[in-house]
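Working notes, structure below.
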Ligand code: ADP
Ligand code: MN
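In the working numbering, the protein residues as written are 50 to 608.
Next up, the structure:
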């Protein structure tokens, strides 16, 4: 269903599988693990060990009647010191006590196990399942240890998650009702008594052996355990002379099958849950916290899984009084591996805003810086009135913003929408306008502008994905702008907008740099010359230009 599931595997709002606040409520309603009993008053405790007096023991000495704990019981033990010291009595008393505490032990030891009749295996199934669960837990613990050993503190980690036996939700919660109902029989219906028809035998005369012969049959059953699914842990009993009774064997077999199905289902469920797959536990915790804080109502699912980020849709909550949270939000989770981090570092490394911090940062902090950049850039755009997502909150590498779209359906990208010629023309002029605003008012170049990062919503174009946007004086800022212009101009020219400027005209219209070269190669050379001039200026004066000047004018300095 593509949604993050709550820890208890079900939401509480009638929307199963939703990662909603209901799960927390459910948790708090769960019965306490420890049933605390009130201690009996002290005198009662003393009664029970036969030291204090029984109420009917009659009046004691004067000091006793003043005793706040009542009169001591002098009648409860009526034996001599010799008797008390007697070993024989001690043994008898102990035996009596043991019999009272474990009455069934004796009965079972002498009973059906030995006679072979009416074997009571009712608790074997439970024992077997408990043992199996224990096996599985140990197996998982071993997996986790190995996982830790392999990963160490390396950035790229390997996960054995899919090999786990006990689903994480099972290991800490018994609220997994769906699985309970699916894999075990109805807990409210009594089991049908199993009857074994008495037929089939081998041998002759007094050597006759029926298939009910426990030894033969038990060994066979043990051997048949090998036919269970390979991942079903049967222990090392197969190599031993182990005899399993039919009932235990059948129960184990049934259990093995249901485990197999359950395991398959869980893995399938996980495969389909993009949210689970896409975020690491730390991010999941961050998301949970946002939901728990009431900032988000529900995280419904994943909108997009890119190389560098995963975007989720969420319904906004209303926890924050000073801030109105949009009814629908987009959550952008920045993720990056070393490769992409390398690809991107040309954007951020040379961005003076982040330059000082760059060298000292570890990769995780750099990922957060991308999120931070996107936030700052969106805020600048918002202030200039450019249609774009509105920042809600930034937490580490998770950026929450307003959702462009409606009812969980994101607005289509320009590349996916078919506009009539009128809308296409309108979109073009709007994009031209926004590029100018971005450059002049926000002092930004988008640096990844194309039909992939423009959404069509409410009859207009919205700009998204600005984590890589830079200021025009970035050492490669003008090259990025030229690339943006090429994408935009090609898209609208192909889209049939006759008025669309070509890439060089568009570049000049946005930057007012009036580069006169009439072919691409010369144009690009002039751009690079301008960038170099700016760099030299930084070298010589220790400070950057605030803006590129228009043709011929002296550069404007940023004081
Ligand atoms: P990426 O770096 O992965 O391209 P984007 O910011 O472009 O990241 O987001 C990826 C996709 O997620 C977008 O193409 C868009 O479909 C969707 N998306 C991102 N932000 C929003 C938003 N605020 N509202 C609606 N959809 C969004
Ligand atoms: Mn994008």
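Where is the CB? At the ideal position from N, CA and C, for every residue including glycine.
Predicted model only: the values in this text are computed from it and were never measured.
Given the structure, does residue i come close to the ligand ADP, in the sense that its CB is under 7 Å from one of the ligand's heavy atoms?
i	result
residue 382	no
residue 454	yes
residue 471	no
residue 430	no
residue 420	no
residue 438	yes
residue 340	no
residue 375	no
residue 519	no
May I have the straight-line CA-CA distance separating residue i from residue j, to the nearest angstrom?
i	j	result
residue 581	residue 530	16 Å
residue 141	residue 135	10 Å
residue 413	residue 469	45 Å
residue 188	residue 418	39 Å
residue 300	residue 515	59 Å
residue 555	residue 481	8 Å
residue 421	residue 210	31 Å
residue 376	residue 451	8 Å
residue 359	residue 495	20 Å
residue 591	residue 203	38 Å
residue 195	residue 467	52 Å
residue 411	residue 212	31 Å
residue 368	residue 341	10 Å
residue 227	residue 532	Low per-residue confidence applies at residue 227: pLDDT is 24, beneath 50, and the placement is therefore not dependable, though the value from the model is reported in the following sentence. Approximately 53 Å, taken between the alpha carbons.
residue 471	residue 493	29 Å
residue 561	residue 583	16 Å
residue 537	residue 427	20 Å
residue 578	residue 425	29 Å
residue 442	residue 329	20 Å
residue 334	residue 343	14 Å
residue 191	residue 180	16 Å
residue 498	residue 479	14 Å
residue 197	residue 307	30 Å
Give the single residue among the options whose Cα lies nearest to the Cα of residue i.
i	options	result
residue 373	380, 426, 305 and 439	439
residue 528	361, 589, 569 and 539	569
residue 336	447, 365, 423 and 205	447
residue 332	382, 304, 491 and 591	382
residue 520	371, 475, 429 and 499	429
residue 576	342, 526 and 415	526
residue 509	549, 477 and 196	477
residue 517	423, 443, 444 and 534	423
residue 352	295, 378 and 329	378
Tell me which same chain residues have a C-beta within less than 6 Å of the C-beta of residue i, skipping the five on either side of it?
i	result
residue 553	572
residue 380	361, 363 and 449
residue 559	484, 485 and 488
residue 345	339, 363 and 366
residue 542	549
residue 546	473, 474 and 477
residue 445	417
residue 534	552, 555 and 556
Examine chain B for any beta-carbon lying closer than 8 Å to the beta-carbon of residue i, and answer yes or no.
i	result
residue 502	Protein chain content of the structure displayed is limited to a single chain, and chain B is not contained in it.
What residues in its chain sit with their C-beta under 7 Å from that of residue i, if we drop five residues either side in the sequence?
i	result
residue 501	462 and 464
residue 489	none
residue 460	453, 454, 504, 505, 506 and 511
residue 303	none
residue 200	206 and 207
residue 457	349 and 362
Are there any heavy atoms of the ligand MN lying less than 7 Å away from the beta-carbon of residue i, as far as the coordinates show?
i	result
residue 364	no
residue 482	no
residue 514	yes
residue 426	no
residue 478	no
residue 502	yes
By Cβ distance below 8 Å, which residues in the same chain neighbour residue i in space, the five residues on each side in sequence not counted?
i	result
residue 435	483, 486, 487, 491 and 512
residue 431	437, 439 and 440
residue 589	none
residue 574	566
Per DSSP, residue i is paired with what?
i	result
residue 454	459
residue 364	347 and 377
residue 332	Paired residues: none, contrary to the question.
residue 427	Note: residue 427 sits in no beta bridge, so no partner.
residue 506	509
residue 442	449
residue 565	Note: residue 565 sits in no beta bridge, so no partner.
residue 499	In DSSP, residue 499 forms no bridge with anything.
residue 358	383
residue 519	494
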